[in-house]
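Peer 1:
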Amino acid sequence: MRQIQLSHPETQRVVITGMGALSPLGLNVRAFWEGLIAGRSGIGPITQF
1490 MRQIQLSHPE TQRVVITGMG ALSPLGLNVR AFWEGLIAGR SGIGPITQF
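Residues in the sequence shown are numbered from 1490 upward in steps of one, following the working numbering.
1) Less than 8 Å separating the beta-carbons of A1527 and N1517?
2) According to DSSP, which residues form a beta bridge with S1512?
3) With G1531 and S1512 assumed to form a contact (beta carbons below 8 Å), what rounded beta-carbon distance in angstroms separates them?
4) Got a sec? Which residues, its chain only, sit under 6 Å from G1515 by beta carbon, not counting five neighbours each side?
5) Helix or strand or just coil, what does DSSP make of A1520?
Next up, the structure:
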């Protein structure tokens, strides 16, 4: 595996300011996470396209 070295890694910052989710498990992060923790599946048959 090849490593990539940045020229100034200390100046590369990332800030996460929020999260969003839209999935079959839920229409927001809380509902999605609760469905994930409960073990629900978001996979089902496709009935229309």
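Beta carbons are placed, not taken as given, at the ideal position from N, Cα and C, and that holds for glycine.
Peer 2: Checking against the coordinates, here is how it stands:
1) Taking the first residue of the sequence shown as position 1, residue 1527 is located at position 38. Taking the first residue of the sequence shown as position 1, residue 1517 is located at position 28. In this structure, N1517 does not lie closer than 8 Å to A1527 by Cβ.
2) The residue given as residue 1512 occupies position 23 in the sequence shown. Answer is G1515, bridged to S1512.
3) As a first step, residue 1531 must be located in the sequence shown, where it is residue number 42. As a first step, residue 1512 must be located in the sequence shown, where it is residue number 23. Going by Cβ atoms, the distance from G1531 to S1512 rounds to 6 Å, so yes, they are a contact pair.
4) Taking the sequence shown and counting its residues from 1, one reaches residue 1515 at position 26. Hits under 6 Å: F1521, G1524.
5) Against the sequence shown, residue 1520 aligns to sequence position 31. Note: A1520 maps to helix in three-state DSSP.
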